[in-house]
Structures are given as C-alpha cells and as structure tokens.
Amino acid sequence: MKICRISIFIEIRKMKQYIINFFTSLMYVPISLLIYYFLYRSILESGVKLAADVSELMAYYTVVLFIRAAVSHAMRAVYDVFTDINDGDLDLWIVCPVSYPFVRFFRAMGSVIVTVPTGILLLVAAMCFWSQPDPVGVLLLLVSTFLGFTVLYAMMFLLGLLTFWIKTVLTIRDIFWGILSIFSGELIPLQLLPEKLRFFAWNPLASVYYMPARVLEGEWGYLWVQLAYVVLLGGAALLVWRVGLRKYESQGG
Amino acid sequence: MKILMQFIRISVKRILAYPNEIYMVFLQAFVSVVSTALFWAVLFSGEEAYGHSQEFVYILAMIALLSNGVQELFFGLRDLEYLVQAGEFDRYLYLPRSPLLLRLGETLPVVPMCQQILIALAGIALVTVRFGIMLTPGRFLKCVGFLLLGTVYYQMIYGAVTFLCLRTENISSLRDLIFQFGDYKQYPLGIFPIVIRFFLTYIIPMGLVAYYPTVLLLGLDEPLPQLYLAMPLAAAACWWSYRTSIKKYASNGG
Chain A
1 MKICRISIFI EIRKMKQYII NFFTSLMYVP ISLLIYYFLY RSILESGVKL AADVSELMAY
61 YTVVLFIRAA VSHAMRAVYD VFTDINDGDL DLWIVCPVSY PFVRFFRAMG SVIVTVPTGI
121 LLLVAAMCFW SQPDPVGVLL LLVSTFLGFT VLYAMMFLLG LLTFWIKTVL TIRDIFWGIL
181 SIFSGELIPL QLLPEKLRFF AWNPLASVYY MPARVLEGEW GYLWVQLAYV VLLGGAALLV
241 WRVGLRKYES QGG
Chain B
254 MKILMQFIRI SVKRILAYPN EIYMVFLQAF VSVVSTALFW AVLFSGEEAY GHSQEFVYIL
314 AMIALLSNGV QELFFGLRDL EYLVQAGEFD RYLYLPRSPL LLRLGETLPV VPMCQQILIA
374 LAGIALVTVR FGIMLTPGRF LKCVGFLLLG TVYYQMIYGA VTFLCLRTEN ISSLRDLIFQ
434 FGDYKQYPLG IFPIVIRFFL TYIIPMGLVA YYPTVLLLGL DEPLPQLYLA MPLAAAACWW
494 SYRTSIKKYA SNGG
C-alpha cells in the first residue's frame, strides 16, 4: 500500500509536465463541440432521423470530450512498457520487491488523479448552462470514469506487454486508437448504431467513454459491467505479464 | 538527389527491421479509412443525401487520407521541438546543407506515406465505381494540384508556429492546438457558418487540403479560394519565423 501511495505521489509531483497539455486539450473541447454541433444540425435539418436530438448529442459529446482530456494520459502506458522492456529498464523493476504491473498502474493513476476530478468539475460547470446536474449522477460519473480509465489502462498495458514477443508495438497501439475511437463511442454515440449492432454498447471499449456518459444519464447498471471488465482485463494483464516475463531477455539498457 | 535516395533507403530499412511492421502500417491506414467510412455510413442511416451526397463524403474521406499521405513529407516538423529540447538540432547546423531540408529528409516516412497514398487512390477508385462517378484526368490533376498547394500552404502556417521552438523551446501546446484542427478535414466545409469557413480556408487551411480538392475532383460548381495574396503572406511568415528563430537558437548541449 505504501508503494502504491508513493507511486501516486511521484506522479502528482510530476504533474507540472503535463498539466499545461491537459488545460490546452480542454481548450479544444469547445472547438470539437462546434464541429459536432454544425455537423449534426446539418444532418438533422436535412431530414435524417437519428436516435437522439442535437441537445442530447451535444450533452453526450461534452461528457466524452472532458473524459478524453482527463484520461488521455493512460495512453502512455504502451510506450512506458515498450521502453522498459526494450531498453532493459525492466531489470531494475524485476529485482525490486514490488509488483511492476501495480506500480505502473498506480503511477498512471497518479497522473489522472487531478485531471479526472478537475475535468468533471469543469464538465459540471459547463452542464449548468443547459441543465441542473444531479449530484449523485456526477459522483457516479467520477467512479465510472475511474473504472473506464482502469479498463483503458489494462488494455494499454496488455498492448505494451506484447513487446515481449514482437519487439515493436507502437504501430499496433496506433491501430488500437482507431479501433478505440469506433467502439468506445468516442467517434459516434453507440446508441446511434443500427438496431442490429446495438450489442456493441456492451463491448469493453465502451467502458471508456460510452458507459460513463450513460451513467451520468442515470443508467447506473453500467457500473457493474465496467467493474466486471476491470476484473477480467486486470486479470488478463497480470497473467500475460507472468507469461511474458519468462520470454524477457535483458538488453542491458 | 543522392542524399534523398539515401534517406529513402534508410526509411525503408527502418520499417523492414521489424518483422510484420510493414503490414501493421498498412493495417493502421486501413483502420483509419474504415472508421471514417463507418462514421458516415451510420450517419446516413439509409438516407440518400443531406446537403452533401454520400459519394461526396466518401470521396472527401479518401482525399483526406491522400492529404495525410502527402503531409508525411513534412513529418520532421512534428518533433522538431523535442529535437531542440534535447540539443540534437546542433548536428544539422554543422552540415553543408539546409538544416531544415536535412531534417525533413531524414525523417521521411516513405513506406507509411506510400501506403496511405495507395489506399486513398484505391478508395477513390472504389467509390467512383460504386457510385458510378465519371472522373476525368483533367479534374484529377486539378484535384491533386490543389491538394499539393493546400498542403504546402498548411505546412507553411504550421511551420511558422513550429519554428518558434528554436527560440522558446516549448511550443507544443500551441502547435498541438493547430494540429487538432485536423479533425475539420474530414467534414464538408459547407456545413459550417461563413466565419468558420473563412478560418478553415485561410488561417488554419484544413479546407484546402481536403474539401476543395474534393470539389475539384467531382467537378462541382463552387468558387475556389483566392490564394494569390494569402500564399505569399504565409510563405513570408514562415520564412521570417525560421530566420529570426534560428538566429536566437541556443543549444541545450543534449
């Protein structure tokens, strides 16, 4: 527990490095919202029927964009694991009496422990312009966002661990970003998918953006789904770490 | 020319050094196209058109990918800042060639560039056949010409901001903000109000690299932006930014 606390503390102290990037990315939220507003207004005005109106879509994208700005640092996990394995830095981690996956996770957690609540506070402030936010919903959104972050981190960590076998994973990470944008609900709300494809709303990637947005709308059942994915993917990450470690050959750094 | 060939050889070898990397790079470009196509397919939801026809948005997506491929020529500008911060820009200053051209040549990602261009061309061919569009060589050449012009214009604006890192070392926040305007490239400019259209044509010219080339390719009746004044102004801003910033460059020692 002490190691976890120290890991979080280290990252909070390093926060200065990326806090400016976080606030810059928040500046981009209104720009993105403008794009979506004009796009969907144009679509709906031309008579196309979607499963949501412009205000619902704008509320959805506002949540998604704030979450994206807050948790984007989790994407770094692939690069961290990739460099640790390829540069031989993993040697040090293996000989220390700590669990590498947990220390890396808590360091990543430290990097978002300020950005997630700040992002959600700003989101609530933005929401006040068009509705009265429900305090319980906001609290559960915070929980849901952290669960979504954990799912995203576990997937990124798993991708990083592939370095044990294939040496370079950065292109796979870039491919994953494309897949994430489709299936997480970042690009398009999953409720707009045709009826036959709505089951995609239950895929693990939806935990990152789509499910937190639904939780804020009062569909709290998604929290259990997110929790199940945290257990499943966390377990898979630990298992792959154990198997992959046997393949590790130190590069000498 | 000899240096350029050497840069290309190194770039190809860099990809071939990792098994399967060449397929992964291809897959990455493919996933990017599929995600855009899926986005539009869901929004159309069976409707024929909504101000812009289906073929227009699919061709726009392919032209946006084509422009991504062409923009890889300027890939070296993206991480110039990190190079400066690490003091690694010094080595270009010793060499008897333009530091900027050497940097762009050294980081030229030949394989991803070719793959994106090929996928985009294949995509254009597919959409053309699927929707029965009549393309002429003249319109295609006009489209490619305008795309190149727009890409150079955009990169000059991007470069004018990026070169400030030679003076201030940290410019990523502002540069990333410009970079994020790239999302506008995949949407028809016609859906935006006139002020945003002006902004996306002359200030952050995303419309020039995708929307207008698409208009030219499909032979639509739409007035093109006048770049006779804007282009020299952007070039002057870029040149001034580079010349004044390089004079202020202080090595970090690496």
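Protein chains in written order, with the working numbering: chain A, 1 to 253; chain B, 254 to 507. Ideal Cβ positions, reconstructed from N, Cα and C, are used throughout, including at glycine. Just so we're clear, the structure is a prediction, and the values are computed from it rather than from any experiment.
Any chain B beta carbon closer than 9 Å to residue i
i: Lys196 of chain A; result: no
i: Val48 of chain A; result: yes
i: Leu34 of chain A; result: yes
i: Ile43 of chain A; result: yes
i: Phe38 of chain A; result: yes
i: Val31 of chain A; result: For clarity, residue 31 of chain A is Ile in the given sequence; the question names Val instead. Taking Cβ atoms only, chain B reaches closer than 9 Å to Ile31 of chain A, which makes this a yes.
i: Met27 of chain A; result: yes
With 16 other Cβ atoms within 10 Å as the buried cut-off, status of residue i
i: Tyr440 of chain B; result: buried
i: Phe199 of chain A; result: exposed
i: Ser264 of chain B; result: buried
i: Glu274 of chain B; result: buried
i: Lys567 of chain B; result: With chain B covering 254 to 507 only, the question about residue 567 of chain B has no answer from this structure.
i: Arg428 of chain B; result: buried
i: Trp241 of chain A; result: buried
i: Phe451 of chain B; result: exposed
i: Leu477 of chain B; result: exposed
i: Ala375 of chain B; result: exposed
i: Leu92 of chain A; result: exposed
i: Arg68 of chain A; result: buried
i: Ser131 of chain A; result: exposed
i: Val364 of chain B; result: buried
i: Ala70 of chain A; result: buried
i: Thr389 of chain B; result: exposed
i: Arg267 of chain B; result: exposed
Any chain A beta carbon closer than 9 Å to residue i
i: Met277 of chain B; result: yes
i: Gly462 of chain B; result: Correcting the residue identity first, residue 462 of chain B is Val in this sequence and not Gly. Not closer than 9 Å to any Cβ of chain A, the Cβ of Val462 of chain B fails to qualify, so no.
i: Pro362 of chain B; result: no
i: Phe292 of chain B; result: yes
i: Val468 of chain B; result: no
i: Ser285 of chain B; result: yes
i: Val295 of chain B; result: yes
i: Tyr455 of chain B; result: no
i: Glu325 of chain B; result: no
i: Gln281 of chain B; result: yes
i: Asn321 of chain B; result: no
i: Ile263 of chain B; result: no
First through last residue of the alpha helix (DSSP H) which encompasses residue i
i: Val363 of chain B; result: Val363 to Phe384
i: Met127 of chain A; result: Thr115 to Met127
i: Trp259 of chain A; result: Because chain A in this structure spans residues 1 to 253, residue 259 of chain A falls outside the shown range and cannot be described.
i: Glu308 of chain B; result: Gln307 to Gln324
i: Lys167 of chain A; result: No alpha helix (DSSP H) contains Lys167 of chain A, which DSSP labels as neither H nor E.
i: Gly358 of chain B; result: Pro352 to Glu359
i: Trp492 of chain B; result: Ala483 to Lys501
i: Met409 of chain B; result: Pro390 to Thr415
i: Trp93 of chain A; result: Leu90 to Val95
i: Arg330 of chain A; result: Here chain A covers residues 1 to 253 and nothing more, so residue 330 of chain A does not appear.
i: Asn86 of chain A; result: Arg76 to Asn86
i: Phe432 of chain B; result: Ser425 to Gln433
i: Met58 of chain A; result: Val54 to Val71
Anticipated Cβ contact below 8 Å, residue i with residue j, distance rounded
i: Ile431 of chain B; j: Val405 of chain B; result: Not a contact, Cβ separation roughly 16 Å.
i: Leu336 of chain B; j: Phe342 of chain B; result: 5 Å
i: Phe176 of chain A; j: Leu159 of chain A; result: 6 Å
i: Leu333 of chain B; j: Tyr345 of chain B; result: Wrong, their Cβ atoms sit about 10 Å apart, outside the cutoff.
i: Leu65 of chain A; j: Val112 of chain A; result: That belief does not hold up - the Cβ atoms of Leu65 of chain A and Val112 of chain A are roughly 16 Å apart, past 8 Å.
i: Ala52 of chain A; j: Pro189 of chain A; result: 7 Å
i: Tyr411 of chain B; j: Leu330 of chain B; result: 6 Å
i: Phe434 of chain B; j: Ser494 of chain B; result: Contact flag wrong, Cβ pair sits at about 18 Å.
i: Ile85 of chain A; j: Met277 of chain B; result: That pair is no contact at about 18 Å.
i: Gly185 of chain A; j: Tyr222 of chain A; result: So it is not a contact: roughly 11 Å between Cβ atoms.
Contact with chain D by residue i, beta-carbon distance below 9 Å
i: Tyr271 of chain B; result: Looking at the structure shown, chain D is missing, and the protein chains on hand are A and B.
Any non-hydrogen atom of the ligand GDP closer than 8 Å to residue i Cβ
i: Arg450 of chain B; result: This structure does not include the ligand GDP; it has no bound ligands of any sort.
- Query: Which residues, in chain order, does the segment 162-192 of chain A contribute to contact with chain B at a C-beta distance below 8 Å?
  - Reply: The segment 162-192 of chain A vs chain B, Cβ under 8 Å: Ile166, Lys167, Thr168, Thr171, Ile172, Asp174, Ile175, Gly178, Ile179, Ser181, Ile182, Leu187, Ile188 and Leu192.
- Item | Interfacial residues, the segment 419-452 of chain B to chain A, with Cβ spacing under 9 Å | Sequence-ordered contacts of the segment 419-452 of chain B with chain A read Asn423, Ser425, Ser426, Leu427, Asp429, Leu430, Gln433, Phe434, Asp436, Tyr437, Tyr440, Pro441, Gly443, Ile444, Phe445, Pro446 and Ile449 [C-beta pairs closer than 9 Å].
- Using a Cβ cut-off of 7 Å, which residues of the segment 307-318 of chain B contact any Cβ in chain A, in chain order? Near chain A, meaning a CB-to-CB distance below 7 Å, no residue of the segment 307-318 of chain B qualifies.
- Quick one, which residues of the segment 334-363 of chain B are near chain A if we go by CB-CB under 9 Å, in chain order? Cβ contacts with chain A come from no residue of the segment 334-363 of chain B.
- Task: Scan the segment 66-82 of chain A for residues whose Cβ lies nearer than 9 Å to a Cβ of chain B and list them as they occur along the chain.
- Result: Listed by position, the residues of the segment 66-82 of chain A near chain B (Cβ gap below 9 Å) amount to none.
- Message: Output needed in chain order: residues of the segment 471-505 of chain B with a Cβ under 8 Å from some Cβ in chain A.
- Response: Contact residues of the segment 471-505 of chain B toward chain A are absent (C-beta to C-beta distance below 8 Å).
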